[in-house]
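In the UniProt record's numbering, the protein residues as written are 1 to 153.
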């Protein structure tokens with residue numbers, strides 16, 4: 001599973017990049033989504049690499065994210081009781097494990113938003129104009145995405 005975080009806005013960007021970000025369900029800065037690691041999604045990430053950062057999310061971070069930032073329609077928090085009533089899973093941890101293993105999707109829980117609204121990171125970004133390998137924050141960052149998510153959640 002890949003976590004994708006939008007870092008920059010789209011003013012002045014090519015319209016196909018804006019459409020790609022809409023398809024990824026990250027329409028605003030500091031929004032995050034979780035996607036499977038498939039070739040079609042990788043093509044979308046390559047196209048939008050100048051506005052996003054992405055990497056492999058681990059199970060602990062996914063569980064933390066669902067507990068802290070999981071949101072239902074109507075700006076309500078995701079709870080264990082809601083998951084137990086509206087899905088086949090017993091808790092947020094069970095649901096997070098199923099999503100991580102690819103057995104479930106975020107859309108399997110009715111009313112759960114497919115994106116996460118995050119804060120800007122504590123201690124800020126390094127640079128929103130440079131790639132991760134050049135000392136910035138854009139593009140692919142691998143396992144280091146988990147540290148950024150914790151700083152933003």
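Even for Gly, the Cβ is constructed at its ideal location relative to N, Cα and C.
Predicted model only: the values in this text are computed from it and were never measured.
- Here the alpha carbons of residue 67 and residue 94 stand approximately 12 Å from one another.
- Between the segment 98-117 and the segment 12-30, the count of Cβ pairs shorter than 8 Å is three or higher; the stretches touch.
- Between residue 4 and residue 45 the beta-carbon gap is near 7 Å, inside 8 Å, which marks them as a contact.
- Unbroken beta strand (DSSP E) runs of no fewer than 3 residues, entirely contained in the segment 42-123, are found at 52-56, following chain order.
- When rounded, the separation of the alpha-carbon atoms in residue 151 and residue 6 is 15 Å.
- Distance from the Cα of residue 36 is smallest, within the candidate group 81, 54 and 148, for 54.
- Residue state for residue 20 is assigned as helix, using DSSP reduced to three classes.
- DSSP, read as helix, strand or coil, puts residue 14 in coil.
- By DSSP's assignment, residue 131 forms a beta bridge with 138.
- A Cβ-Cβ distance of about 7 Å is found for the pair residue 21 and residue 10, placing them in contact under the 8 Å criterion.
- Secondary structure note for residue 32: its beta strand (DSSP E) is the uninterrupted segment 31-35.
- By DSSP's assignment, residue 2 forms a beta bridge with 35 and 56.
- Of 103, 58 and 109, the smallest CA-CA separation from residue 79 is found for 109.
- Residue 136 sits away from residue 123, with the two beta carbons spaced by 8 Å or more.
- Relative to residue 49, the option among 138, 87, 71 and 146 whose CA is nearest is 138.
- Taking all protein chains shown into account, residue 39 has fewer than 16 neighbouring C-beta atoms within 10 Å of its C-beta and is therefore exposed.
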